[in-house]
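Novice: So the sequence lines, in the order shown, correspond to chains A and B. Each residue of the first sequence is one higher than the one before, counting from 419 in our numbering. Each residue of the second sequence is one higher than the one before, counting from 3 in our numbering.
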Amino acid sequence: MLFNPHLTAMLLLSSMLCSMQVAIASTLVYCSEGSPETFNPQLSTSGTTFDASSRQLYNRLLEFKPGTTEIIPGLAQRWEASGDGLEYTFHLRPNVSFHSTEYFTPSRFFNADDVLFSFNRQRDTSNPWYTVSGGVYKYFNDMGFNKLIKDVVKLDENIVKIVLKNPDSTFLSNLAMDFSSILSKQYADEMMIAETPEKLDLKPVGTGPFMFVKYEKDAFIRYQAHPAYWKGMEELDKLVFAITVDPSVRYARLRTGECHVMAYPLPTDIKSMMKNPAIKVAEQPGLNTAYWAFNTSKAPFDNVLVRQAMNYAINRQAILDVIYKGTGSIASSVIPPTIWNWKGPENDYVYNPDRAKKILENAGFAEGFEIDIWAMPVQRPYNPNAKKMATLIQQDLEKIGIKANVVTYEWGTYLKKSRQGEHQTILLGWTGDNGDPDNFFSPLLSCAAAETGNNRSFWCNKQFNDLISLARIEPDMQKRKKLYKRAEVIFKQDAPWVTIAHSVRFQPYLSNVQGLKIDPFGGIYFSGVSLK
Amino acid sequence: MPQQLLHRLLLVIPTIVGIVALTFFLIRLAPGDPILLLAGEHGVSAERYAELQQQFGFDQPLFIQFAGYLWQVLNGNLGQSVVTQTPVLEEFSNLFPATLELALVAIIMAVLIAIPAGVLAAVKRNTVIDHSITAVSLVGYSMPIFWWALLLILLFSVNLGWMPVAGRLNFIYDIESVTGFMLIDTLIANDHDAFFDAVHHLILPAIVLATIPLAVITRMTRSSMLEVLKQDYIRTARAKGLSEFSVIFKHALRNALIPVITVIGLQTSILMTGAILTETIFSWPGIGKWLLEAVYRRDYPVVQGGVLLIAGLVILVNTVVDLLYVLINPSLRQQK
Numbered sequence: 419m420l421f422n423p424h425l426t427a428m429l430l431l432s433s434m435l436c437s438m439q440v441a442i443a444s445t446l447v448y449c450s451e452g453s454p455e456t457f458n459p460q461l462s463t464s465g466t467t468f469d470a471s472s473r474q475l476y477n478r479l480l481e482f483k484p485g486t487t488e489i490i491p492g493l494a495q496r497w498e499a500s501g502d503g504l505e506y507t508f509h510l511r512p513n514v515s516f517h518s519t520e521y522f523t524p525s526r527f528f529n530a531d532d533v534l535f536s537f538n539r540q541r542d543t544s545n546p547w548y549t550v551s552g553g554v555y556k557y558f559n560d561m562g563f564n565k566l567i568k569d570v571v572k573l574d575e576n577i578v579k580i581v582l583k584n585p586d587s588t589f590l591s592n593l594a595m596d597f598s599s600i601l602s603k604q605y606a607d608e609m610m611i612a613e614t615p616e617k618l619d620l621k622p623v624g625t626g627p628f629m630f631v632k633y634e635k636d637a638f639i640r641y642q643a644h645p646a647y648w649k650g651m652e653e654l655d656k657l658v659f660a661i662t663v664d665p666s667v668r669y670a671r672l673r674t675g676e677c678h679v680m681a682y683p684l685p686t687d688i689k690s691m692m693k694n695p696a697i698k699v700a701e702q703p704g705l706n707t708a709y710w711a712f713n714t715s716k717a718p719f720d721n722v723l724v725r726q727a728m729n730y731a732i733n734r735q736a737i738l739d740v741i742y743k744g745t746g747s748i749a750s751s752v753i754p755p756t757i758w759n760w761k762g763p764e765n766d767y768v769y770n771p772d773r774a775k776k777i778l779e780n781a782g783f784a785e786g787f788e789i790d791i792w793a794m795p796v797q798r799p800y801n802p803n804a805k806k807m808a809t810l811i812q813q814d815l816e817k818i819g820i821k822a823n824v825v826t827y828e829w830g831t832y833l834k835k836s837r838q839g840e841h842q843t844i845l846l847g848w849t850g851d852n853g854d855p856d857n858f859f860s861p862l863l864s865c866a867a868a869e870t871g872n873n874r875s876f877w878c879n880k881q882f883n884d885l886i887s888l889a890r891i892e893p894d895m896q897k898r899k900k901l902y903k904r905a906e907v908i909f910k911q912d913a914p915w916v917t918i919a920h921s922v923r924f925q926p927y928l929s930n931v932q933g934l935k936i937d938p939f940g941g942i943y944f945s946g947v948s949l950k
Numbered sequence: 003m004p005q006q007l008l009h010r011l012l013l014v015i016p017t018i019v020g021i022v023a024l025t026f027f028l029i030r031l032a033p034g035d036p037i038l039l040l041a042g043e044h045g046v047s048a049e050r051y052a053e054l055q056q057q058f059g060f061d062q063p064l065f066i067q068f069a070g071y072l073w074q075v076l077n078g079n080l081g082q083s084v085v086t087q088t089p090v091l092e093e094f095s096n097l098f099p100a101t102l103e104l105a106l107v108a109i110i111m112a113v114l115i116a117i118p119a120g121v122l123a124a125v126k127r128n129t130v131i132d133h134s135i136t137a138v139s140l141v142g143y144s145m146p147i148f149w150w151a152l153l154l155i156l157l158f159s160v161n162l163g164w165m166p167v168a169g170r171l172n173f174i175y176d177i178e179s180v181t182g183f184m185l186i187d188t189l190i191a192n193d194h195d196a197f198f199d200a201v202h203h204l205i206l207p208a209i210v211l212a213t214i215p216l217a218v219i220t221r222m223t224r225s226s227m228l229e230v231l232k233q234d235y236i237r238t239a240r241a242k243g244l245s246e247f248s249v250i251f252k253h254a255l256r257n258a259l260i261p262v263i264t265v266i267g268l269q270t271s272i273l274m275t276g277a278i279l280t281e282t283i284f285s286w287p288g289i290g291k292w293l294l295e296a297v298y299r300r301d302y303p304v305v306q307g308g309v310l311l312i313a314g315l316v317i318l319v320n321t322v323v324d325l326l327y328v329l330i331n332p333s334l335r336q337q338k
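1) In this structure, what does DSSP give as the bridge partners for Val824/A?
2) Ser551/A versus chain B: which residues are under 7 Å apart at the beta carbon?
3) Give the DSSP-derived three-state secondary structure of Tyr927/A in the structure shown.
4) Would you report the Cα separation of Lys903/A and Ile732/A, rounded to the nearest angstrom?
5) Can you tell me the Cα-Cα spacing of Phe26/B and Trp73/B, whole angstroms?
6) Can you give me, in chain order, the residues of the region 139–162 of chain B that have a beta carbon less than 8 Å from any beta carbon in chain A?
7) Cα-Cα, which of Val297/B, Lys252/B, Thr101/B is closest to Pro36/B?
8) Could you check whether the Cβ of Phe173/B sits closer than 9 Å to any Cβ belonging to chain A?
9) Out of Leu329/B, Ala137/B, Met274/B, Glu281/B, which has the shortest C-alpha to C-alpha gap to Ser309/B?
10) Answer yes if the region 278–289 of chain B comes into contact with the region 661–680 of chain A, meaning at least three C-beta pairs across the two stretches below 8 Å, and no otherwise.
11) Roughly how many angstroms lie between the CA atoms of Ser134/B and Trp292/B, to the nearest whole one?
12) Measuring only the C-alpha atoms, how far is Ile115/B from His194/B?
13) At a CB distance below 8 Å, what residues from the region 657–668 of chain A approach chain B? Give them in sequence order.
14) Is any beta-carbon of chain B found at less than 9 Å from that of Val447/A?
15) Let me confirm a value: Pro146/B is counted as buried when at least 16 other C-beta atoms fall within 10 Å, else exposed. Which label applies?
16) Could you compute how far the alpha carbon of Thr507/A sits from the alpha carbon of Asp569/A?
17) From Gly675/A, Ile741/A, Ser864/A, Tyr827/A, pick the residue whose C-alpha is nearest to that of Asn883/A; which is it?
18) Using C-beta distances below 6 Å, list every residue in its chain close to Arg773/A, excluding the 5 sequence neighbours before and after it, in chain order.
19) Which parts of the region 455–529 of chain A are runs of the alpha helix (DSSP H), unbroken and 4 residues or longer, counting only runs that do not cross its ends?
20) Which same chain residues end up closer than 8 Å to Pro585/A when comparing Cβ atoms and leaving out the 5 residues on each side of it in sequence?
21) Measuring alpha carbon to alpha carbon, tell me which of Ala660/A, Gly552/A, Asp574/A, Val581/A ends up nearest Ala52/B.
22) Leu152/B: which of Ala670/A, Gly485/A, Arg478/A sits nearest, CA to CA?
23) Give me the Cβ distance between Leu461/A and Tyr555/A, rounded to the nearest whole Å; I'm assuming they're in contact under 8 Å.
24) In whole angstroms, give me the CA-to-CA distance for Gly940/A and Pro799/A.
25) Here's the rule I'm using: 16 or more other beta-carbon atoms within 10 Å means buried, otherwise exposed. How should Val19/B be labelled?
26) Grab the span of the beta strand (DSSP E) containing Gln702/A for me, first residue to last.
27) Spatial neighbours of Leu435/A within its chain, please: CB distance less than 6 Å, with the 5 preceding and 5 following residues excluded, ordered by chain position.
28) How would you call Glu840/A, buried or exposed, if buried means at least 16 neighbouring beta carbons within 10 angstroms?
29) Taking Cβ to Cβ, would you say Phe173/B is nearer than 9 Å to Arg640/A?
30) Can you tell me whether Pro16/B is buried or exposed? The criterion is at least 16 other CB atoms within 10 Å of its CB, across all chains shown.
31) Can you look up Met728/A in the DSSP assignment and give me helix, strand or coil?
32) Establish whether the CB of Gly307/B and some CB of chain A are separated by less than 9 Å.
33) Taking DSSP as the reference, what is the three-state secondary structure of Glu229/B?
34) Of the residues that make up the region 617–647 of chain A, which ones have a beta carbon closer than 9 Å to any beta carbon in chain B?
35) Determine whether the Cβ of Glu93/B lies closer than 9 Å to any Cβ atom of chain A.
36) Given a cut-off of 9 Å, decide if Ile818/A and Leu845/A are closer than it, judged by their beta-carbon atoms.
This is the structure:
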């Protein structure tokens, strides 16, 4: 037989292309924005970490219906609450498998012990796991679980009762949050015996749709579909997070097909993405608020008149036009309209620099003064460019005789220093976690949060605080709504913040990606996603 | 020669101790607290803070901490990252091959182009060729790296589709990391497609990283060659009737290379310490970005250990260059 080099080469090439097609067809690449701090969502508050861990690897007792803020059963098939709202009984789903990986082979299904382990590690300071990996359970404490949960009791293998110290309307939503993910007790025990407890947090084992395969810092995270997933195996065989810090480069990678989905696009790129037929851009009003907070423990912001004047002095529409470029809406309220179809209070401020000037004169600041505006060094879902925003605010303030200096620090330092109250005024924002109004009011504006420093205005108004505390335990949604409305009127009067904007969230992806639902919480889930 | 080597090696000890001390105290002088940074947006209680201080040994007086650290280093232990709880040496050895691979390819690329270009510019002095080479190298030297990298990505990756945008390897390949050098690992895995893919991924970042050394080495070669070409022995060589090739490459270039080698050594050291911008744009998992992040997070053990390891490498490269210098220059060899 004659050897035909051309034919052989062509056959080889076509077989190579075919095998590549097969490999590509079942592997989805997501261009993420950074490296996770850990693979245990209990230890973090960062969306980047949750995307890489809880949202792909783990499940929770309750979960959010994909793309909504509605709660659906997760690892708990059903649950009952006692009449006084103090006891919740969860019936656990049977035959749920943990991941079987190179480093762990489970010998039993998920059960009540895993639930007890996952909660007790975070709440019991005498638990041997409490101090592992730094032992800082920020979210658990911030959502008040350390004070709320009295006990977690195993009634039998598949029934768990959680006893609360007081009724709390947000409890069930919080159980669907990332920090409430369920980890394997069996794996934890093995790691403790091997004297490598921190591996539990670095080499994760969960019950979720994907299993952890490999992580190279600053480069990639590899996952593969969990074959025994209780909801059924995913269509995607493999999932890769390609860590790509620069947003322009993420977009370039999307355009060339190196990624199928990208995180956090630049607002300036949205129009060009929408024109590209190979790219789809899903959009949804973000569950977030960008704000400018005044440190009320420092002069001159201890004076309510000064704070009100600031609210009149800032042209929010101009900020929206320049910074958000049509990808946001003016925030008249602390909470975005995505939550309960919310409308802001009637006493919101309207841009009026003359009025601002008069108020300042009345407050005894006719000569003006000098202030610092802290601006974030990073792009956030709620604020695409804080430094530029600070410059616009600076210009607005100049018109009423206030000289403003823009100050910035590295992100971690920025958060730390501001929590300690070193700032005078600060640009920051918040992305909701559980779709409940309390998730904005309590962590950002309560008196308790003023003590921890998460309330960056250090504003503690008793009347406001009582109203949001009442709303938190009230089970009736309509009554809660009224309480929050009243609270928000006080908030606007006392003006610890200028509420600036709610951004619209964009999720660009290639048109061959199917089933991707844009998450109202700002995260990303690849369960149910496939490639055409 | 052995005496010289010994002298060089002895100098290394005080240099290393000096670097350890400098890094240790400088990073502590910088504002910021690793534990508070670790605690993130939601803070940490006073009791837990005290516990963690004790756990990391930050509650001890500074000089005791320093003595402890020195002792630890002498025992080959560089400590653990406060953020990831992973040993510093492990993190470094995971990331360094990526930096080194890119740096070596970049420096080889730079040398291979820069030396002939510099020689050509010197030989064709004051011609269009000389002016073009000088102009291009000046542009290369002055170009903002970030902009240059994005420009190359837009042209070669996005518009022409010839090159990948970022990363070290297409994700369809899953190559076991043995040496950490992608080119070697793909060969070990006997996956030729992956090897060519890795080469493909190296081209753009290597061009970006090679740009500045290329410009520096070209200019150095040119001026050094011009200096040498003026010498009497070159005139003698020409008078003897040697070919122009022989005059330039045997007599002139060899002498002209001495200062060039020093520059190459310096540039290699700079590249090995990690190229933060290039690494960030091309999503290249190297030590530049790692160290910078550690400084931001005040991850003391990583900063101290990372700087010490890099300093060690720079000293090593410089020592090798010094020795090469002696080898290349016969007059220096005879003097000793």
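Don't be surprised by glycine CBs; every beta carbon is placed ideally from N, CA and C.
Specialist: Taking the structure as given:
1) Ile791/A
2) Contact annotation for Ser551/A against chain B: Gln87 [CB-CB distance below 7 Å, chain order].
3) In the three-state reduction of the DSSP assignment, Tyr927/A falls in the strand class, which pools E and B.
4) Going from the Cα of Lys903/A to the Cα of Ile732/A covers about 24 Å.
5) 13 Å
6) Leu152, Ile155, Leu156, Ser159, Val160
7) Val297/B
8) Yes - at least one Cβ of chain A is within 9 Å of the one on Phe173/B.
9) Ser is not the amino acid found at residue 309/B; the sequence shown has Val there. Residue Met274/B is the option with its Cα nearest to Val309/B.
10) Judged by Cβ distances under 8 Å, the region 661–680 of chain A makes contact with the region 278–289 of chain B, as three or more pairs qualify.
11) Here the alpha carbon of Ser134/B sits roughly 38 Å from the alpha carbon of Trp292/B.
12) 27 Å
13) Val658, Ala660, Ile661, Thr662, Val663, Asp664, Ser666, Val667
14) yes
15) exposed
16) 12 Å
17) Ser864/A
18) Tyr730
19) As far as the region 455–529 of chain A is concerned, its whole alpha helix (DSSP H) runs of at least 4 residues are 465–470, 472–475.
20) Contacts found: Asp502, Gly503, Leu504, Ile891, Pro893.
21) Between Ala52/B and the set Ala660/A, Gly552/A, Asp574/A, Val581/A, the nearest pair of CA atoms involves Gly552/A.
22) Ala670/A
23) 7 Å
24) 8 Å
25) exposed
26) 697–703
27) The pLDDT assigned to Leu435/A is 40, lower than 50, so where the model puts this residue is not dependable, and the model offers no usable value.
28) buried
29) yes
30) exposed
31) Helix, per DSSP.
32) no
33) helix
34) Correct list: Asp619, Leu620, Val631, Lys632, Glu634, Lys635, Asp636, Ala637, Phe638, Arg640.
35) yes
36) no
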